[in-house]
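Protein chains in written order, with the working numbering: chain A, 1470 to 1654; chain B, 1470 to 1654; chain C, 1470 to 1654; chain D, 1470 to 1654. Take a look at the structure set out below.
There are 4 protein chains.
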Amino acid sequence: MRKQEKILEATLELVTELGFHGTTTALIAKKANVGSGTIYRYYASKEDLLNALFTIAKDKLKQSILANFNSQLSSEDAFHLLMNNVIDFYQSNPLWFSFMEQYRYSPFISTETKSELNEVMAPVLDLLQGALDKGDIKALPPKMLLSMFHGVIIGLIKGSNSGFIELDYNHRRMAISVCWDGIKK
Amino acid sequence: MRKQEKILEATLELVTELGFHGTTTALIAKKANVGSGTIYRYYASKEDLLNALFTIAKDKLKQSILANFNSQLSSEDAFHLLMNNVIDFYQSNPLWFSFMEQYRYSPFISTETKSELNEVMAPVLDLLQGALDKGDIKALPPKMLLSMFHGVIIGLIKGSNSGFIELDYNHRRMAISVCWDGIKK
Amino acid sequence: MRKQEKILEATLELVTELGFHGTTTALIAKKANVGSGTIYRYYASKEDLLNALFTIAKDKLKQSILANFNSQLSSEDAFHLLMNNVIDFYQSNPLWFSFMEQYRYSPFISTETKSELNEVMAPVLDLLQGALDKGDIKALPPKMLLSMFHGVIIGLIKGSNSGFIELDYNHRRMAISVCWDGIKK
Amino acid sequence: MRKQEKILEATLELVTELGFHGTTTALIAKKANVGSGTIYRYYASKEDLLNALFTIAKDKLKQSILANFNSQLSSEDAFHLLMNNVIDFYQSNPLWFSFMEQYRYSPFISTETKSELNEVMAPVLDLLQGALDKGDIKALPPKMLLSMFHGVIIGLIKGSNSGFIELDYNHRRMAISVCWDGIKK
DNA sequence: AATGAATGAGCTTTCATTCAT
DNA sequence: CATGAATGAAAGCTCATTCAT
């Protein structure tokens, strides 16, 4: 495995466990079986490394979100699919979820990279806009709905991760139905 | 103004701007116009200070959430009221919102204080349970709904704070209606 | 009891337990039931307080050392008496002993006060000089003997305090005899 | 010269001059021509460094104490040799002497390392026990004698270091003879 | 005279980053 | 390319001393 990958992997695991500040470059180097100077061959700084990791996370989510999508689907089915895909990704990749959440709340991080977060959910926004145009849902600001539904997803994952709620396939279906019922005409 | 209050106020503003780690005791002291040792007359450590600040935040939210509530209200009206109260509090107190969100993600903080967070939303949970018993809403796990709606609120505030969406009174009403429509029978 | 005495007493006990550096002015004030500023009405600084305490210790030892002495005693009896008196004082006043030992090794303390230590043992020096003049003991430098015997005493007290040796009346008599046998003609 | 050695050397000199508490890590680093962080590559803490230094001191003394010793020596000659060796070591290494004395009185230091002090004087204890068994000396508790003679040595060195007495080879011989005359049969 | 809240210099320790090997 | 020893700025915290009350 290439050193760069080992560094990224070690960082991901450490951030999840210890947080951004608890993840020292010394620990990263040790876990990655790499000299601490080596990190700086690939990344200009610790911040740069974390930004790079976040970009990777974003790309992974971006790819997952459109899995099994095709334009023939009804608005409702498409909504279920996209929401399910996002939840699926976060549930299947708890390290990435934890990392992304840490990232969003870290003033440690450059705002530029942060703002790109919305772009990830772009397909959901497009879908909502399309459903609106087709008259499938109520006349509501799509961006507001996106904010709400993204919040729903994060709320569900957090509740699940902390053991506050169960979140199996059936619960996911129910939760997404609640969202759709809230906006459908 | 008493020194302790000045310390709390300075800390709140700095955490919002710089995060937990960026908020050094030296900066707090400077902003509060206080010697750095003075902080330690009131709080045993930086962590202790942040925990105290969070407890204050929680108490403020707790008081706000039940404003204008009375048990005669219909489930729907009560739901609107509580959701509005929470959103209102967060929107009117962006510093407190930012602080509380930082707090939830900080591995800096003792888990005990953290876990008390759910307790703040308890009235919403009670309301959902009551509506369920009265048959006003669909048969869905109330804790799951709480997780979802809490996520909705945070998503909305974040969207609003970042300028991604507008969130005036009218939008708030719409958003809460979406939630209610999603669960009503 | 006057505040000054309470301060001295508290300091003595704290130094014995916690050492010079561990004895903070805040602890002294608390133990003496006194405001921390009050210490500075009586002593210019913490160092000044410790110096004053040492002077008191020295005076106490000075008074004890000549108990029951009279000039009629033989050199040997006088030697036994003085040595016994010193050992007695240290054994009966473990706090003072501990304090004086701490003091001797503290670079914290002004050298002036320190050097006065020899003066306390002056009666022993006089005795040795007299015995020498009378031809009761070997021709050896009295100051050297003083250094040695003072060392013997401290070694015995330390050994006793740490539980390494027993030091009852009988042992004391034996030990002093060893010293006398070493110098007698 | 390796950095670790420079750190140890600087620490030894500073402790002698300024005491344990006066010896700050900043001063050590400066005197050793080393970054202050470097200290912590070799020692986990300041306390750890001081303990390590004491262990070195103890080992040096341990080696010196048995110099020129052989089991054929008479009890008296062996006693003279060992006592001389200890005094020699302390006189030739005033920094180490000062450090070891500071160490013994520091509440700073872990008791474990402290207790190992007796072990250094073990050869003297063995010698006294042997002389007792052979009937060369009076029937006196060897541990008591050890405490006394250790005290004598320290008293002599202190007297010498402070200029109170002279302590050349001849004086040393006289002083040790006093000790032996005190215990010989 | 007595207080104790307030101070801030100075402490030990950490850790992102550099650079000689 | 890779290393990890070395760095030193900066962190959280302590405590002798001051001074308004």
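Here a beta-carbon is modelled for each residue, glycine too, at the ideal position from N, C-alpha and C. On a predicted model such as this, the values are computed, not experimentally measured, just so you know.
CB-CB length for residue i against residue j, believed under 8 Å
i	j	result
Leu1609/B	Val1647/A	7 Å
Ile1645/A	Met1552/A	5 Å
Asn1554/A	Ser1540/A	Not quite, the Cβ-Cβ distance comes to about 15 Å (not below 8 Å), so this is no contact.
Gln1571/C	Ile1626/C	No, Gln1571/C and Ile1626/C are not in contact; Cβ-Cβ is about 14 Å, not under 8 Å.
Ile1476/C	Ile1508/C	6 Å
Rounded C-alpha distance that separates residue i from residue j
i	j	result
Ala1536/D	Lys1499/C	53 Å
Gln1598/A	Lys1654/A	14 Å
Arg1573/C	Glu1635/D	20 Å
Ile1622/C	Lys1515/C	29 Å
Leu1530/A	Ala1479/B	38 Å
Ala1656/C	Ala1591/C	Outside the shown range of chain C (1470 to 1654) lies residue 1656/C, about which nothing can therefore be said.
Phe1523/C	Glu1588/D	32 Å
Met1643/A	Lys1607/B	10 Å
Ala1495/B	Ser1505/B	6 Å
Glu1486/D	Pro1563/C	28 Å
His1490/C	Leu1519/D	16 Å
Ala1521/A	Leu1596/B	44 Å
Val1593/C	Thr1493/D	40 Å
Leu1601/D	Phe1618/D	16 Å
Gly1624/A	Ser1543/B	26 Å
Asp1517/A	Ser1567/B	24 Å
Asn1639/D	Asp1605/D	24 Å
Ser1631/D	Phe1538/D	30 Å
Met1470/C	Ala1513/B	34 Å
As assigned by DSSP and simplified to three states, the class of residue i
i	result
Ile1606/D	strand
Lys1515/C	helix
Lys1654/D	coil
Met1643/D	helix
Asn1520/A	helix
Gly1504/D	coil
Arg1471/B	coil
Ile1525/B	helix
Gln1532/B	helix
Gly1628/B	helix
Phe1538/D	coil
Phe1633/D	coil
Ser1616/B	helix
Thr1494/D	helix
Tyr1574/B	coil
Met1569/C	helix
Ser1561/A	helix
Ser1543/B	coil
Nearest residue (CA-CA) to residue i, options the options
i	options	result
Arg1510/C	Thr1493/C, Lys1472/C and Gly1488/C	Lys1472/C
Leu1481/A	Leu1615/A, Ile1622/A, Ser1544/A and Met1569/A	Met1569/A
Ser1616/B	Met1613/A, Pro1611/A, Ser1616/A and Ser1629/A	Ser1629/A
Arg1641/C	Lys1627/D, Asn1639/D, Leu1614/D and Asp1595/D	Leu1614/D
Trp1649/C	Ile1497/C, Leu1550/C, Ile1534/C and Asn1539/C	Leu1550/C
Lys1612/A	Phe1633/B, Thr1493/B, Ala1513/B and Lys1603/B	Phe1633/B
Lys1603/A	Ile1476/A, Glu1545/A and Ile1556/A	Glu1545/A
Asp1655/B	Asp1637/B, Leu1594/B, Val1484/B and Trp1565/B	Residue 1655/B is absent from the structure shown; chain B starts at 1470 and stops at 1654.
Asp1637/D	Asp1557/D, Ala1513/D and Val1484/D	Asp1557/D
Leu1483/A	Glu1474/A, Met1470/A and Ile1497/A	Ile1497/A
Ala1501/D	Ala1513/D, Glu1474/D and Tyr1512/D	Glu1474/D
Gly1488/A	Ser1631/A, Gly1620/A and Ser1575/A	Ser1575/A
Where residue i meets chain C, residues with beta-carbon distance less than 7 Å
i	result
Asp1650/D	Asp1650 and Gly1651
Neighbouring residues, chain C, relative to residue i (Cβ below 8 Å)
i	result
Lys1612/D	Gly1628, Phe1633 and Ile1634
Closer than 8 Å at the beta carbon, the chain B residues around residue i
i	result
Glu1570/A	Tyr1574
Neighbouring residues, chain A, relative to residue i (Cβ below 9 Å)
i	result
Val1621/B	Ser1616, Met1617, Phe1618, Gly1620, Val1621 and Gly1624
Within chain A, partners of residue i - CB distance below 7 Å
i	result
His1549/B	Result: empty, since nearest Cβ-Cβ is about 14 Å, beyond 7 Å.
Chain-ordered neighbours of residue i on chain B, where CB pairs are closer than 9 Å
i	result
Met1643/A	Lys1607, Leu1609, Pro1610 and Met1613
Closer than 7 Å at the beta carbon, the chain B residues around residue i
i	result
Asn1587/A	Phe1633
Val1503/A	Going along chain B, no residue has its Cβ under 7 Å from Val1503/A, so there is no contact; the nearest lies around 24 Å.
9 Å Cβ cut-off: residues of chain C touching residue i
i	result
Val1593/D	Simply none; closest approach about 12 Å.
Contact set between residue i and chain A, taken where Cβ atoms lie within less than 8 Å
i	result
Val1555/B	Going along chain A, no residue has its Cβ under 8 Å from Val1555/B, so there is no contact; the nearest lies around 13 Å.
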